[in-house]
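I have placed the structure first, in the form of structure tokens, so that the comments after it can refer back to it.
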Amino acid sequence: MRTRRPISINNSLVHGICNYSCRLCGVNKTNYRGPKEFQPYDVTKTLIKRILEAASSGIYVRYVAISGDGEATLHPEFADRLRMFGDMLRGWDASIMPPPEISVVSNGSSLYKPEVMAPFKENSISLIISFPTNDAESYGLIMKGDSEQGEALLSRVLPGIEKAMALRACGQLSKLYFHISPPEIEIIRRDFPETINCLTEIARRNELHEIELVLFPATSNRSGLLRNSVTSVEMYRDLFKRYNGQAVNGVKIRMQLVVKRFFHSRVEIVDLVRSFRFPCLWNANFFIAADGSSICCNDQSVRNPQGNILNESIETLMQCKERFLPDEVCAGCNQSPQNLKGSFQAVFFSLIARLRLLFAKIRS
Ligand code: SF4
Ligand code: SF4
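If you're matching positions, the sequence shown starts at 1279 in the working numbering and goes up one per residue.
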């Protein structure tokens, strides 16, 4: 394995099953042909075993996000699975390697239930809530394709956010982030001041002094499953300038782009270009489907598995990714590094990625 940067793993505990139908997600759409399954026990167990083996051999797994192409909290053994990751953290030998941050990404619809929230505090699991807007019409439109459902959806999500912030404020939740996603850029921008106002107001009520937001620069068409008119990245520079580090309702706002979460520095981007024949940001981290398949983050239908965690180590699976060359899945993908545009950094990275790919093709 050539990769030297810390590794992130996205584990799709639930794949193809969700109580939402976000406009930019293939799940619950008529042309979705991918799996619809809850992750079997053996896959979760093996994944944890592989993470421990990787740490013993000197590979630093920095993040494990329990999320993916389905709503994780719907898993019938959700609490047990979080306990398995909690057990891993409790038994972790930090003298060998720092432990990964374990998080769950949720649409927030079930967090009001005590049995869903309890395993977060019992197992030191971070919570990431997808919350693009607090405007009822926009929320319904983005998350269900129906503006009229927004109010009912928010009436379940907001109490969960309230509960999460209360737990975070008294130190019972290890971390709490809000994904301003799916990134419907026009709506995000238009509603952003009110979204901030809503979140900081809940935080203030619960004596939480800071909130953390993660913004998504690019809209994904999930490798062609959906039509997407936005073809360039959006860095939200004006929003960062206006809000990042500032206080609203007495609550400090921290903002980061999702790319920064997975690539902490330019050195890690350079490592990607050096290590991968096709340096694609979204294939650079692990995405484990419910059955253990290692796929590109955007291969929502699991059309092109690059190995399986049940059979191969993290090191071997990373070598598969490093060897990967664009295929028919990439042909319909709007996030190919070859297509990136919208900022100087994106265009520069795109150019470097093309050169790297050309070099790899010449050599092969
Ligand atoms: S983006 Fe997430 S919450 Fe939305 S439909 Fe897809 S899996 Fe469900
Ligand atoms: S270009 Fe290919 S590898 Fe990259 S995100 Fe798209 S489908 Fe995945």
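Yeah, the Cβ is synthetic: ideal placement off N, Cα and C, and Gly gets one too.
Check: Glu1435 C-beta below 7 Å from any heavy atom of ligand 1: Sequence index remark: in the sequence shown, residue 1435 carries index 157 (1-based). A quick correction: the sequence has Val, not Glu, at residue 1435. No - ligand 1 has no heavy atom lying nearer than 7 Å to the Cβ of Val1435.
Candidates Phe1363, Asp1605 and Arg1515, of which the one nearest Gln1623 by Cα: In the sequence shown, counting from the first residue as 1, residue 1623 sits at position 345. Nearest of Phe1363, Asp1605 and Arg1515 to Gln1623, Cα basis: Arg1515.
Heavy atom of ligand 1 less than 7 Å from the Cβ of Asp1424, yes or no? Walking along the sequence shown from the start, residue 1424 turns up at place 146. With a threshold of 7 Å, the Cβ atom of Asp1424 does not count as near ligand 1, since no heavy atom of the ligand is closer than that.
On the CB-based measure, 16 or more other CB atoms within 10 Å of its CB, does Thr1308 come out buried or exposed? What you label residue 1308 is simply residue 30 of the sequence shown in a count that begins at 1. Answer is exposed; the Cβ neighbour count stays below 16.
C-beta contact flag for Glu1349 and Tyr1417 at 8 Å: Against the sequence shown, residue 1349 aligns to sequence position 71. Against the sequence shown, residue 1417 aligns to sequence position 139. Not closer than 8 Å, so no.
Count the CB pairs spanning the region 1392 to 1406 and the region 1419 to 1433 that are closer than 8 Å, and state whether there are at least three. no
Outcome for Gln1524 when other beta-carbon atoms lying within 10 angstroms are tallied against a minimum of 16: Here residue 1524 refers to the residue found at position 246 when the sequence shown is read from its first residue. That one is exposed.
Would you say the beta carbon of Ser1498 comes nearer than 7 Å to a heavy atom of ligand 1? Taking the first residue of the sequence shown as 1, we reach residue 1498 at position 220. Result no, Cβ not under 7 Å from ligand 1.
Leu1491 - partner residues in DSSP beta bridges: Locating residue 1491 in the sequence shown gives position 213, counting from the first residue. Beta-bridge pairing links Leu1491 to Phe1456 and Met1533.
Relative to ligand 1, is the shortest distance from any of its heavy atoms to the C-beta of Ser1299 smaller than 7 Å? Position 21 of the sequence shown holds residue 1299. True, at least one ligand heavy atom lies under 7 Å from that Cβ.
Are the region 1363 to 1372 and the region 1560 to 1570 touching by the rule of at least three beta carbon pairs closer than 8 Å? Touching, no.
Exposed unless 16 or more other CB atoms sit within 10 angstroms - verdict on Asp1365: For this step, residue 1365 is matched to residue 87 along the sequence shown. Answer is exposed; the Cβ neighbour count stays below 16.
For Ile1547, decide whether its Cβ has a neighbour in chain B, counting only Cβ atoms nearer than 8 Å. Looking for chain B here will not work: only one protein chain is present.
Over what stretch of residues does the alpha helix (DSSP H) that includes Asn1475 continue unbroken? Within the sequence shown, residue 1475 is the residue found at index 197, counting from 1. Taken as a continuous stretch (DSSP letters only), the alpha helix (DSSP H) holding Asn1475 covers Ile1463 to Arg1483.
Could you tell me the distance, in whole angstroms, from the CA atom of Val1292 to the CA atom of Ile1465? Here residue 1292 refers to the residue found at position 14 of the sequence shown. Here residue 1465 refers to the residue found at position 187 of the sequence shown. Going from the Cα of Val1292 to the Cα of Ile1465 covers about 28 Å.
Can you give me the start and stop residues for the beta strand (DSSP E) that Tyr1341 sits inside? Stepping through the sequence shown from its first residue, residue 1341 is reached at position 63. First-last of the beta strand (DSSP E) with Tyr1341: Val1339 to Ile1344.
Count the other C-beta atoms from every protein chain shown that fall within 10 angstroms of the C-beta of Ser1261, then say buried if there are 16 or more, exposed otherwise. Nothing about residue 1261 can be read from this structure; the chain reaches only from 1279 to 1642.
The beta strand (DSSP E) enclosing Leu1432, as first and last residue numbers: In the sequence shown, counting from the first residue as 1, residue 1432 sits at position 154. Unbroken run through Leu1432 is the alpha helix (DSSP H), Gly1428 to Ala1447; no beta strand (DSSP E).
Alpha helix (DSSP H) segment containing Ile1329, residue limits: As a position in the sequence shown, residue 1329 is number 51, starting the count at 1. It spans Tyr1319 to Ser1334 - the alpha helix (DSSP H) in which Ile1329 sits, taken as one unbroken run.
Ile1406 in three-state terms, based on DSSP: As a position in the sequence shown, residue 1406 is number 128, starting the count at 1. Note: Ile1406 maps to strand in three-state DSSP.
Let me have the residue list for ligand 2: C-beta closer than 5 Å to any non-hydrogen atom, ordered along the chain. Ser1501, Cys1558, Trp1560, Asn1561, Cys1574, Asn1576, Val1607, Cys1608, Cys1611, Gln1613 and Ser1614
Mapping the DSSP letters down to three states, classify Glu1512 as helix, strand or coil. Translated into the one-based positions of the sequence shown, residue 1512 becomes position 234. The three-state secondary structure of Glu1512, taken from DSSP, is coil.
Let me know the secondary structure DSSP gives Val1292 once reduced to three states. By 1-based counting over the sequence shown, the position of residue 1292 is 14. Under the three-state reduction of DSSP, Val1292 is assigned to strand.
For Asn1499, which of Gln1578, Gly1346, Arg1361 and Glu1472 has the nearest alpha-carbon? Sequence index remark: in the sequence shown, residue 1499 carries index 221 (1-based). Looking at the Cα atoms, Gln1578 is the closest of the given residues.
Close beta carbons around Leu1269, own chain, < 7 Å, minus the five adjacent residues each side: The structure shown does not extend to residue 1269, since the chain spans only 1279 to 1642, so no value can be given for it.
What first and last residue would you give for the alpha helix (DSSP H) that runs through Val1625? As a working note, residue 1625 is residue 347 in the sequence shown. Segment Phe1622 to Arg1641, the alpha helix (DSSP H) holding Val1625.
Short of 7 Å in beta carbon distance, which residues of its chain neighbour Arg1359, apart from the five on each side in sequence? Order them along the chain. Taking the sequence shown and counting its residues from 1, the one referred to as residue 1359 is at position 81. Closer than 7 Å at the Cβ level, and outside the excluded window around Arg1359, lie Leu1291, Thr1322 and His1353.
Of the residues Arg1520, Glu1593, Ser1286 and Ile1573, which one's Cα is nearest the Cα of Arg1467? For the purposes of this step, residue 1467 is identified with residue 189 of the sequence shown, where counting begins at 1. Checking every option, the nearest Cα to that of Arg1467 belongs to Arg1520.
Can you give the beta carbon distance from Asn1582 to Ile1573, rounded, assuming they're within the 8 Å contact cut? Here residue 1582 refers to the residue found at position 304 of the sequence shown. Here residue 1573 refers to the residue found at position 295 of the sequence shown. Going by Cβ atoms, the distance from Asn1582 to Ile1573 rounds to 7 Å, so yes, they are a contact pair.
Of all the options Thr1478, Asn1385, Leu1302 and Ala1562, which has the alpha carbon lying nearest to the alpha carbon of Ala1444? The sequence position of residue 1444 within the sequence shown is 166, counting from 1. For the residues Thr1478, Asn1385, Leu1302 and Ala1562, the minimum Cα distance to Ala1444 belongs to Thr1478.
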